[in-house]
Amino acid sequence: MSEKLIELEEKFAFLDHTIEELNKVVFRQMQKIDELEEMIKHLSEKIDQLKDNSKSGAQITNDRPPHY
């Protein structure tokens, strides 16, 4: 009986440690997701600004400069 209890305690300790490590991984992933969402928001705003600028007359062209 005592051996079974020790074995269960060892398994519990291992699982507890595994859960802690997985929680850390999930936390880091959530931080990265938040960072990426903020970056996407910023880039989306920048794209909207560029679209607005091109609509207001500032044309971006791929023409060669006059010296070519």
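The sequence shown begins at 39 in the working numbering and counts up one residue at a time. Every residue gets a Cβ at the ideal spot worked out from N, C-alpha and C, and that includes glycine. For clarity, every value in this text was computed on a predicted model and none was experimentally measured.
beta-carbon residue i near the ligand NAD non-hydrogen atom, thresh 7 Å
{"i": "residue 105", "result": "The ligand NAD is absent from the structure shown, which contains no ligand whatsoever."}
DSSP state of residue i mapped onto helix, strand, coil
{"i": "residue 68", "result": "helix"}
{"i": "residue 39", "result": "coil"}
{"i": "residue 94", "result": "coil"}
Cα-Cα separation between residue i and residue j, rounded to whole angstroms
{"i": "residue 56", "j": "residue 40", "result": "24 Å"}
{"i": "residue 90", "j": "residue 62", "result": "42 Å"}
{"i": "residue 51", "j": "residue 45", "result": "10 Å"}
{"i": "residue 85", "j": "residue 65", "result": "30 Å"}
{"i": "residue 82", "j": "residue 72", "result": "15 Å"}
C-beta neighbour in chain B for residue i, strict 8 Å
{"i": "residue 84", "result": "Annotation note: the requested chain B is absent from the structure, which comprises a single protein chain."}
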